[in-house]
Amino acid sequence: MRFDRFDRIIGLALAVTAIALTALLWRGAGDDARSGRSNPQLEKRLAQQAKSALLQKIYGPVEQLREKGALPEALLKLDEIARQMPGEAHGVMLRGEIQYQLGALNEAITSLSAGVRSEPLYIDAGSPLSRRNLIEEVVRLGMKQVAPQAKSAPENRRLNQALTNLYYLQSRLAGGCE
Amino acid sequence: MRFDRFDRIIGLALAVTAIALTALLWRGAGDDARSGRSNPQLEKRLAQQAKSALLQKIYGPVEQLREKGALPEALLKLDEIARQMPGEAHGVMLRGEIQYQLGALNEAITSLSAGVRSEPLYIDAGSPLSRRNLIEEVVRLGMKQVAPQAKSAPENRRLNQALTNLYYLQSRLAGGCE
Amino acid sequence: MPTLLLLLLVFLPLLAGCDQPGSRPVLNIGFMNCNNEQETLARFRPLTTYLSEQVGVDFRTVPVDTHEFEERFAAGDFALTHTNSLLYVILKENHDLRLLLTESRGNFGPRTAGAIIARKGSGITSLDDLRGKRMVFGPMMAPSGYLAQYDLMLQAGLDPERDLDYYAIPSGSFKHEKVVYGVYFGDYDVAAAPALDLETMTRDGKITADDFEILAQSPLIPYCTFGSAKETDPELVTKVRKALLALTPETTVAIDGEQVKVLKAAWIDGFEDLQDRDYDLVRDMARRTNMPPYQVF
Amino acid sequence: MPTLLLLLLVFLPLLAGCDQPGSRPVLNIGFMNCNNEQETLARFRPLTTYLSEQVGVDFRTVPVDTHEFEERFAAGDFALTHTNSLLYVILKENHDLRLLLTESRGNFGPRTAGAIIARKGSGITSLDDLRGKRMVFGPMMAPSGYLAQYDLMLQAGLDPERDLDYYAIPSGSFKHEKVVYGVYFGDYDVAAAPALDLETMTRDGKITADDFEILAQSPLIPYCTFGSAKETDPELVTKVRKALLALTPETTVAIDGEQVKVLKAAWIDGFEDLQDRDYDLVRDMARRTNMPPYQVF
């Protein structure tokens, strides 16, 4: 129930996507009619494109603000979107990126690892969603700045959580599983 | 600790009162010097006067608003004072009076009985603080309007609390103890 | 359509994990949003949890925007409703909603009032001074933030549509707080402010009694109200009623790893047994101001 | 003086019943009031109760107004302090306060920033446009509501005392919210708003990102800070530190008949181990703006 309005956004998005996909598949049916079955590869790519378009639409204003350097405004816009979709992976990744750009390194690590945990595509070099370069940069800096702090303060739960998150991102960069 | 600022108000008031009383007692000392001891009756009356003056000072703006018929404003002023002195008996009695005048009978009963519980002088016909007439009027109306409702709804905790408060006020009017 | 399923799966984790229905019957309680959904859930989930425990069914807390409440109620979405008094009157008139109990809070218990305020020192001291002024109202369906004040003005011979310079309704959430700040900061000359919001903002120290003139205050009208759909099992309604009346300020419930006081969380002092005829004042106001359920064009 | 006693007895019931000291040592923690005492107590009494349990002494929650904090601290009233970063710097400089831990909250964790905002569409889009405008600041001692913005303006070659039409500080409590509303409702052209308040007001739906232009935002400076008086037993300070760092979002404590989450009640995400040199940014700002502890006349 917490995401009641989000329910509706998603409902709407699903409806739109359903119509678009039906249209696409119907057009595709001409080419594919011989085989008599749908193509799972195609469907997967279509789903990815639909999701990507939806994310673009939702987070477009954030990207625009970020591109013109209005980072505080971009962050506020994210806060606004997060009211309806708290914890949504794309928003969390964007937040991490802006936090990093504004100098909040620990918070960026928290956000980026949360984002990757819920959507591994963000670390996948081949994905259009990929934020791999950013993550590499953050991990490099984090290992230099956060890791020594955390190791010298074993009782500091939050620092050590940041370290755990760093190790997690590092292992995902190296291709490891959770 | 909840009444930290009230501590200070009271501290200040006590200091002022102390100075005033010292002055008075010192003047009185001329008359009373023969007996060589202070007069407990006199001291009690002085304390009552000091308290009464303090209450007058604190609640004066409420009384002024009430007298010119600005009841909602008077109530707001009480809300404002209640921030520093929640539950103070004089404020609670004034609140009850205004609630009654604005037609909130049950709430007036709650306030008036709370006020009398913490300061019995309010029901004492001889006290300068007396609100006995008001209480009589409220009890009369309450017995007519609230009591039958409460009796017909034995499961209604709030109505029956109002009835209990009515009985309490009635017994205090009759001179009974708690 | 596996694609849709895929898309659904992508977002599904976000939708899970609020109310966990068990094997017991699941019933929705529609709660009218005051400021926003998060606030509504934070306020009423403890109450809903308490009711589920007491009544032995799984109630769900459903936050509903005012403007879509009637439609969803008509569609049978809610076994019980928690709305303001005007929405109660509308749902009663159009869909036979049954009165359950009225919520009690603040100086006037189960009733509340609407005030028309101006900034102190503005020179505006009576309703007559409103002519040609800029006014800010609360949301259209708010009994003590719009209806009561609109009615006060009509009764005083003022037509808000003609006699004001203009009037506005603030955007976004926290509209009642905003109308007060709108006058406080001089953007508007006068505002339609619920007495209860003036009370709580004063108690919070946001404003003081000296900041405003109260030009007029409406009679007391019922505050937020629980109702039950006519289809809802009467025995269950009786149990809910009993459970609500049995609540004391000390009653707690376990929720999200905390043990919280139910009434405190919901900002409620208690419940009162008002009668349907107590809402006639609201009905009269709605008739005079041409509001639903009596609106004619 | 029996009369005084009598008077005291009359009011005494009002003063009793908050923290019940046992036979253990009693120590005060001074908490800087943000909005008002009630709010401070509601936020920090669970935390204080938790610390008492963990450390084995009776801590008392003492709300303190900003302007009297230094005097009371100097008088030895507080074993521990919870203040903003500027007050930490002042108490450290003048009374050798020791840094304990920094509170973490919001987008920037243990740090926060001050923003200068204008209403979208006002035509004000850069700091240069501030000349001749009406501005509203937060309270004088607020690092992210006054100090940072004042400093941003000086650094941009603007003197708030000369180059603005005028500037004001709102009265009463909730000053940070009021500066935002002051611009929202057009009473002021620009405001000094803490980034954290913009964040929470946006999350509450009170404002949207589109309502404002952010003309400038300061670098990140430390947020609220726990400190310990130099007289406080170092062993006890270590225990407090450990207890604070051990807090998780799930940690609860029994208080007033409820079992509540300590961090949630206090609006805190956690604690961070900043170093004193992390506060040098605040010191530089205080020097540039001629604020305490470096104020010269």
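Residue numbers (my numbering), protein chains in the order written: chain A, 1 to 178; chain B, 1001 to 1178; chain C, 2001 to 2297; chain D, 3001 to 3297.
Ideal Cβ placement from N, Cα and C applies to all residues, glycine included.
Looking at the DSSP output, C/T2061 sits in a beta bridge with C/I2029. DSSP, reduced to helix, strand and coil, places B/S1113 within a helical segment of the structure shown. Against chain A, a Cβ distance below 7 Å from D/L3198 picks out L76.
Interface annotation, C/G2205: in contact with chain B, CB-CB separation under 8 Å.
Under the 10 Å beta carbon count, C/R2024 is surrounded by fewer than 16 other beta carbons and is classified as exposed. For D/T3248, DSSP records no beta bridge to any residue. Between C/V2180 and B/R1158, the alpha-carbon positions lie close to 32 Å from each other.
Distance between D/E3053 and A/A114, taken at the CA atoms: about 33 Å. Straight-line measurement puts the Cα of D/G3182 at about 10 Å from the Cα of D/R3119. Under the three-state reduction of DSSP output, A/A70 falls in the coil class, being neither helix nor strand. Judged by DSSP secondary structure, C/P2194 falls within the beta strand (DSSP E) whose first and last residues are V2190 to P2194.
Rounded to whole angstroms, the separation of the alpha carbons of B/L1112 and B/G1087 is 12 Å. Using beta-carbon distances, C/T2251 does not count as an interface residue toward chain B, since no partner is under 8 Å.
Using a Cβ-Cβ cut-off of 9 Å, C/F2271 is close to N1156, R1157 and R1158 of chain B, given in chain order. Setting aside the 5 residues that flank it on each side, A/L129 is surrounded in the same chain by L121 and Y122, each with a C-beta closer than 6 Å to its C-beta; the list follows chain order. A/A47 carries a helical assignment under DSSP once its states are collapsed to helix, strand and coil. Ranked by Cα distance from B/V1139, the first of B/L1163, B/V1092, B/R1083 and B/S1052 is B/L1163.
With fewer than 16 other Cβ atoms from the protein chains shown falling within 10 Å of its own Cβ, C/T2248 counts as exposed. Distances from the CA of D/A3246 to each of D/I3029, D/L3047, D/G3172 and D/V3190 were compared; the closest alpha carbon is that of D/L3047. The alpha helix (DSSP H) runs lying completely inside the stretch 2112-2194 of chain C and spanning 4 residues or more are 2148-2155, 2160-2163 and 2175-2184, given in chain order.
Per DSSP, reduced to three states, the secondary structure at C/T2289 is coil, with no helix or strand assignment. The beta carbon of D/D3269 sits closer than 6 Å to those of S3104 and R3105, all from its chain and outside the five residues before and after it, given in chain order. For C/P2222, the pairing in a beta bridge is given by DSSP as C/R2111.
D/A3156 and D/I3117 have their C-alpha atoms some 15 Å from each other.
Here D/V3296 is exposed: its Cβ has fewer than 16 other Cβ atoms, across all protein chains shown, within 10 Å. A straight-line Cα-Cα distance of about 21 Å links A/T110 and D/D3278. Between D/P3110 and D/L3263, the C-beta gap is not smaller than 8 Å, which leaves the two residues out of contact. For D/L3244, the closest C-alpha among the options D/G3227, D/D3256 and D/Q3259 is that of D/G3227.
The beta carbon of B/Y1100 is closer than 6 Å to those of A1108 and V1138 in its chain, skipping five residues each way along the sequence. In the structure shown, A/E119 adopts coil according to DSSP, grouped into three states. Annotated three-state conformation of D/Q3259 is strand, per DSSP. Contact between C/D2065 and C/V2026 is ruled out by a C-beta separation of about 22 Å, above the 8 Å threshold. Short of 7 Å from the beta carbon of B/Y1168, and not among the five residues preceding or following it, lie these beta carbons of its own chain, in chain order: S1113.
At a C-beta separation below 7 Å, C/F2185 has these neighbours in chain D: Y3181, G3182, F3185 and D3187.
Within 9 Å of the CB of C/Q2259, the CB atoms of chain D belong to T3252, A3254, G3257, E3258, Q3259 and V3260, in sequence order along the chain. Per the DSSP secondary-structure output, D/R3098 pairs in a beta bridge with D/S3228.
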